[in-house]
Structure formats: structure tokens, C-alpha cells
Amino acid sequence: MTSGPAPAEDESSIIAHEARRKAARGVGSVALSRLGAVVEVVSQPAYTWMFGLPTYGLYMVLWSLVNITENVLDLGVTSGLQRILPACREPAERARAVRAALLLGVLPNLIVGALACALAPMIATLLNVAAADRAQLVMGIRLFAWALPLWAIIEVATSAVRANHAFGPEVRVRLMWEQLARLAAAIMLWAAGVRTLGLLGAHLISLAFTAASALRLLNRYVPLADVIALPAGRAATRDMALAGLSVLPANILSRAFSDLATIVANMLAPGAAGASAAGLYAIARKVSSIPQIVRQTFSYVLGPIAAAAARGDRATLQGLYDFAVRLSLLLAVPTCIALAAAGPAILGAFAKGAEAGLPILVILSLARGIEAAIGPASSIQQVIGRRVLPLINSLIAVLAAGVVLMATADRWPGLAVALAVATGQVVVAVLSIGQLSREEGLVAFAPPFLRTLLVALGASLAILLLAWATSPLPLAASGMLTIIGWLAATWGALRLGLVDSDKRALGKAARRLKLA
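Here the sequence shown stands for residues 18 to 533, numbered as in this note's numbering.
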């Protein structure tokens, strides 16, 4: 008789389906919150038209400096929370963990922000800016230095919310305050005649609103009264520090690919040319980040879920992994192809001179597409794998990127940074896949991966053919038709490329989109 194991198999199947459903619900909510990145991309042309490409480049260099500095000074507690909070059982234990994360992550940024404010004249000598911006550069640095502690509060608070498996509530924080408030503040400051300091001031205003909203959101899941009243204690502080520091080097190296590249672009040319080069790279990076929404969405959702699933059976974790790879592939590949194909029209919406960034946009979009299509291997590895592996991967990726940068800087100076960044991003993703397979027994490209890949490539080919057919039309018309074609091709890819269990996991979304 072979009927004995059936109940266990049925139970395992039910658990796997529920895990996929939970991931799908989280993906939908987080994807909506990550639409803030789309709002950000849409707002960038307005910034370049209002303030000019060199001033926009200065703003992006300073924001990149804040981003990479915060990533170092938060001591990795944003990743540490994903390991520690899901394991906390008592409210007091959770409050102590959050208090430890806030102390470790925010205080260093507050101290360094004050130092940067004091050392602003020295920092100003290191930046290449347009002559029109030089007079107010020191004041701009002093103002923007306070973005450091504000950004640290936002990162730690929203990370704690995600660690509670509360993916949807981040929508209002990320979409409303971080993006729309920034755009509104920039318009008002520009209308008031504020030029060099306008973008910096608008960003600081939006961060202040976002930090307040993030803390209010955190209070729903971990009462701030408990966080303030209960001492973190040595044990909780030590555990948080160890969990964060274990992934901090990898986090720093991964941020270097996005933020350090903008700074390097600014250093490659003097004066306004350096500011414009940073602006061009930043524009291309912002636009090419749209496929990254897919990867970030799954990273946010599958990190905490994988941490929980790893305590149970690996079959459920494998099912989640397969689901994420298929959905990422079908969404990311057509998207990156559409961005490259519609690149001339997209860059035409920016201020004059932005069209020079098309080759950078194509390179970064393809790299982002490959990275997202491979799946969330690196985010799963961070929460269930050996802690040293992300660091090793990032070091190898930085070395590879450095080799590419040195090999191409003289021949193609405008593209060297983009080629180096693209190389590093793909190397990290590929290494994570191999290590998950060897260390954890998780297979990235399990059947029916080949079918899904062919469908994604077919959809991408259809987008390219449409872009070629509409190329004689005006840029705006060709770009709009390409975007419409991307929507249709992506829908067709999801309908044909997802298996029945994936569509069931998507629930109402699959029915509304008529994917079944």
C-alpha cells in the first residue's frame, strides 16, 4: 500500500501553498510601496528642468555620500533586525531589540552629521561643482549633513516594521512622504527663487516628515513607550551588534556599487563637467532602478519569511525560492528591455544634455534585469546562510568591478563606471546562487524554469520589435507605444509563464488580471 505518506504530503503541500500565498500578499503590498521609486524616477526630470543638470548632479553626489555613510554607521542593524526580531517571543524582548538597533544605528550618524556640519568647508574642496553653485556649497553641506541621522531613523524604523512581517504599511511612508513631499517642497522652493539649496532643502524636509511617519508606524508593532522605558541591556545590544556587524561589510560593498559610483563619476572631471557627469550617471541609475523594484520587493518579503521557513522544512523554502525566481524573471526581463528600448524617449524628458546618458542607461538596465531575473538568492542567503559568504561575494565583486574600471577608464571614460558597476552586481548574484545550491541545497533553476525563461525572452523580443517598428515616429510617440507594448508583453508573459500553483498563490491579483 502506498497511501500512508499521502497525509504528510498533503500537509506539506498546504504549508508550501500558504507560504507562497503569504509571500504573494507581501509582494503586492511591498511592490506598491516600492512604486515610490517610480514616483522618484518621474520626479527627476522636473528636478533637472527646475535646477539644471549640474545642480542636480551636486545634489545626487551629496545624497550618495549620505547614503553610503549611513550604511556604514548604522552598523548593519537594519539587516540584524531581520534575524533577531522574528525570533523574539515577548513584547519586552522585542522592545529591547528595537532600542538596541536605534541606539547602535542612529547615534553614530548623529555624531558624524554634526562633524560634517563643522567640517563643511573642507568637504567642499573635494567636490566638483558648477561656478554658480560654489558660493552656497558650504551652506548646502552644513544643511544636508542632518540628513544622516534622519535617514538612519527611517532605515532602522522601517526595517523593524518589515521584520514584523508588516509589508503593506510602508506604502504611505515611502510613497507619500519620501517622494511626493520632496517633489512638492522642491516646487515651492524653486518658485520662491531658491536654486542651489532648493533640492537639498526639499530633500531634508521630506526626510523629516518621513522619519516622523516611520516612528509612528513602528509604534503600532513595537510600542515606543516600551522602547524608551526598557533598557536594551548588554545581551540585547551585543546580539544586535554581532548580527549587524556580521553583514555590515557586505552591505557597505553592495552600496558602493550604487552610491560610490556617482561620487567617482563626479571626480573624473573638473568643475561643472564633473557635476554634470554625476548627474548623467544618477539619471541613468534612477531610470534603470525600475527593474530593481522586483528584486527589492522579493528581498523585503522573502528575507523574514525565509528566516521563519528555515526553522521548519526546506521544501517550503524551495517552493518560495522557485516562485520568486519565476515571477522575478517574467517581470524583470521585459522591463529592462523596455527601458533600454524606450531610453531615448525617457531621457528626452530630462533637461538638455541628458540624452548623453543613453549608453549608461542601457548597460545598467541590462545588469539590473539580469540581477533581478536570477532571483532573491542574496537576500535569502543573508538570513539563512553562513554570515561570511555575503562578505566574500561582495569582495570578489568589488575586485571584478575594479578590474573592469581600470581596463575601460581610458578607452571609454563615460562608460567605465557603469560597466564596473554592472559587472559587480551580476557577480554577486551569480555567486549567491551557487552558494545557496551548495550550502543549503536550494536549486535556483528548477523546472519549469526553461519554459519561464523562453516566455520572458519571447516577451522581450516582442518589445524590441515594437520599438524598432515605431522608431520613425517622434520620440515621445515611439516611447509611449513601447511602454504600452511592455505592459501587454508583461501581461502575456505572466499568463503563459506562471504555473498554476503560482497563479493560485497570487489570488485576487491573478483573477483581476485574468492570468488564469
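Beta carbons are placed, not taken as given, at the ideal position from N, Cα and C, and that holds for glycine.
Note that this is a predicted model, so its numbers are computed, not measured.
Self-check item: Neighbour-count burial assignment, M257, 16 or more Cβ in a 10 Å radius
Solution: Mapped onto the sequence shown, residue 257 falls at position 240. Buried, since its Cβ has 16 or more Cβ neighbours within 10 Å.
Practice problem: Pick helix, strand or coil for R428, following the three-state DSSP scheme. | Solution: Along the sequence shown, one-based indexing puts residue 428 at 411. In this structure, R428 counts as coil in the three-state DSSP scheme.
Quiz item: Nearest CA to the CA of P266: which residue from L92, G509 and V444?
Solution: On the sequence shown, residue 266 is found 249 positions in, with the first residue counted as 1. Measuring from the Cα of P266, the nearest candidate turns out to be L92.
Quiz item: Is the segment 278-293 touching the segment 109-128 in the sense that three or more CB pairs, one from each, lie closer than 8 Å?
Solution: When Cβ pairs closer than 8 Å are counted between the two stretches, the segment 109-128 is seen not to touch the segment 278-293, the count staying below three.
Quiz item: If you run the structure through DSSP and keep just helix, strand and coil, what is N84?
Solution: On the sequence shown, residue 84 is found 67 positions in, with the first residue counted as 1. Reduced to three states, the DSSP call for N84 is helix.
Quiz item: Thinking just about the alpha-carbon of each residue, which of V190, W485, G157 and V244 is nearest to the one in E172?
Solution: Translated into positions along the sequence shown, residue 172 becomes position 155. Checked all of V190, W485, G157 and V244; the closest Cα to E172 is V190.
Self-check item: Rounded C-alpha distance that separates A505 from A533
Solution: The sequence position of residue 505 within the sequence shown is 488, counting from 1. The sequence position of residue 533 within the sequence shown is 516, counting from 1. Using only the alpha carbons, I get a separation of about 16 Å.
Quiz prompt | Simplified DSSP assignment, three categories, for P307 | solution = As a position in the sequence shown, residue 307 is number 290, starting the count at 1. Contrary to the premise, residue 307 reads as Ile rather than Pro in this sequence. Look at I307 here: in three-state DSSP terms it is coil, with no helix or strand label.
Quiz item: Between the segment 197-216 and the segment 128-139, do three or more beta carbon pairs fall short of 8 Å?
Solution: No, the segment 197-216 does not touch the segment 128-139.
Exercise. Could you name each continuous alpha helix (DSSP H) segment of 4 residues or more that falls completely within the segment 171-256, going from the start of the chain to the end?
Key: 199-208, 213-238 and 241-246
Quiz item: What number of angstroms, rounded off, separates the C-alpha of L98 from the C-alpha of G261?
Solution: Translated into positions along the sequence shown, residue 98 becomes position 81. Translated into positions along the sequence shown, residue 261 becomes position 244. In a straight line, the C-alpha of L98 is about 8 Å away from that of G261.
Quiz item: Taking the Cβ atom as the reference point for each residue, do W168 and V83 lie within a distance shorter than 9 Å?
Solution: Here the question's residue 168 lines up with position 151 in the sequence shown. Here the question's residue 83 lines up with position 66 in the sequence shown. Yes, the Cβ-Cβ distance between W168 and V83 is below 9 Å.
Quiz item: Between which two residues does the alpha helix (DSSP H) carrying V434 extend?
Solution: To locate residue 434, count along the sequence shown from 1; it is residue 417. First-last of the alpha helix (DSSP H) with V434: A433 to Q452.
Self-check item: For A394 and N145, the rounded distance between their alpha carbons
Solution: Position 128 of the sequence shown holds residue 145. Position 377 of the sequence shown holds residue 394. Computed Cα separation, rounded: 38 Å.
Self-check item: Inter-residue Cα distance where the pair is C353 and R385
Solution: Position 336 of the sequence shown, counted from the first residue, corresponds to residue 353. Position 368 of the sequence shown, counted from the first residue, corresponds to residue 385. C353 and R385: Cα-Cα distance of roughly 7 Å.
Exercise. With distances taken Cα to Cα, identify the nearest neighbour of A479 among F274, L498 and L490.
Key: To locate residue 479, count along the sequence shown from 1; it is residue 462. Ranking F274, L498 and L490 by Cα distance to A479 puts L498 first.
Quiz item: When the Cα atoms are used, what is the spatial distance from S345 to A433?
Solution: Taking the first residue of the sequence shown as 1, we reach residue 345 at position 328. Taking the first residue of the sequence shown as 1, we reach residue 433 at position 416. Distance between the alpha carbons of S345 and A433: 28 Å.
Quiz item: Can you tell me where the alpha helix (DSSP H) with D519 in it begins and where it stops?
Solution: One-based indexing of the sequence shown puts residue 519 at position 502. Per DSSP, D519 belongs to the alpha helix (DSSP H) from D517 to L523.
Quiz prompt | Cβ neighbours of L482 in the same chain (closer than 7 Å, five flanking residues each side left out) | solution = Residue mapping note: residue 482 aligns to position 465 of the sequence shown, counting from 1. Around L482: no qualifying Cβ.
Self-check item: Same chain, Cβ closer than 6 Å to S81, five either side skipped, listed in chain order
Solution: By 1-based counting over the sequence shown, the position of residue 81 is 64. Closer than 6 Å at Cβ, skipping near neighbours: D276, T279 and I280.
Quiz prompt | Nonlocal neighbours in the same chain, by C-beta distance under 8 Å from R116, ignoring five residues either side | solution = In the sequence shown, the residue the question calls residue 116 occupies position 99. So the list reads V244, I245, L247, P248, A249 and A253, once near-sequence residues are dropped.
Practice problem: Please name the residue, chosen from L334, A290 and A463, that lies closest to A373 on a Cα-to-Cα basis. | Solution: Along the sequence shown, one-based indexing puts residue 373 at 356. Checking every option, the nearest Cα to that of A373 belongs to A290.
Exercise. Determine the contact status of I397 and L459, defining contact as a CB-CB distance below 9 Å.
Key: For this step, residue 397 is matched to residue 380 along the sequence shown. For this step, residue 459 is matched to residue 442 along the sequence shown. Contact: yes.
Quiz item: Leaving out the 5 sequence neighbours to the left and right, which residues in its chain are closer than 7 Å to S20 when beta-carbon positions are compared?
Solution: The residue labelled residue 20 in the question sits at position 3 within the sequence shown. Its pLDDT being 48, under 50, S20 is placed unreliably by the model, and the measurement read from it follows with that caveat. Counting only Cβ-Cβ distances below 7 Å, and skipping sequence neighbours, we find nothing.
Self-check item: Secondary structure of R106, DSSP reduced to three states
Solution: Locating residue 106 in the sequence shown gives position 89, where the first residue counts as 1. Correct three-state label for R106: coil.
Quiz prompt | Span of the alpha helix (DSSP H), counted from its first residue to its last, around R100 | solution = In the sequence shown, the residue the question calls residue 100 occupies position 83. R100 -> alpha helix (DSSP H) spans V94 to I101.
Exercise. Look at the alpha carbon of L79 and the alpha carbon of G451, and state the distance between them as a whole number of angstroms.
Key: By 1-based counting over the sequence shown, the position of residue 79 is 62. By 1-based counting over the sequence shown, the position of residue 451 is 434. In a straight line, the C-alpha of L79 is about 36 Å away from that of G451.
Quiz item: Counting along the chain, where does the alpha helix (DSSP H) carrying S477 start and finish?
Solution: Within the sequence shown, numbered from 1, the residue matching residue 477 stands at position 460. Where S477 is concerned, the enclosing alpha helix (DSSP H) stretches over F466 to A486.
Practice problem: Pull up the distance between the alpha-carbon of L224 and that of S230, whole angstroms please. | Solution: Position 207 of the sequence shown, counted from the first residue, corresponds to residue 224. Position 213 of the sequence shown, counted from the first residue, corresponds to residue 230. For L224 and S230, the distance between alpha carbons rounds to 10 Å.
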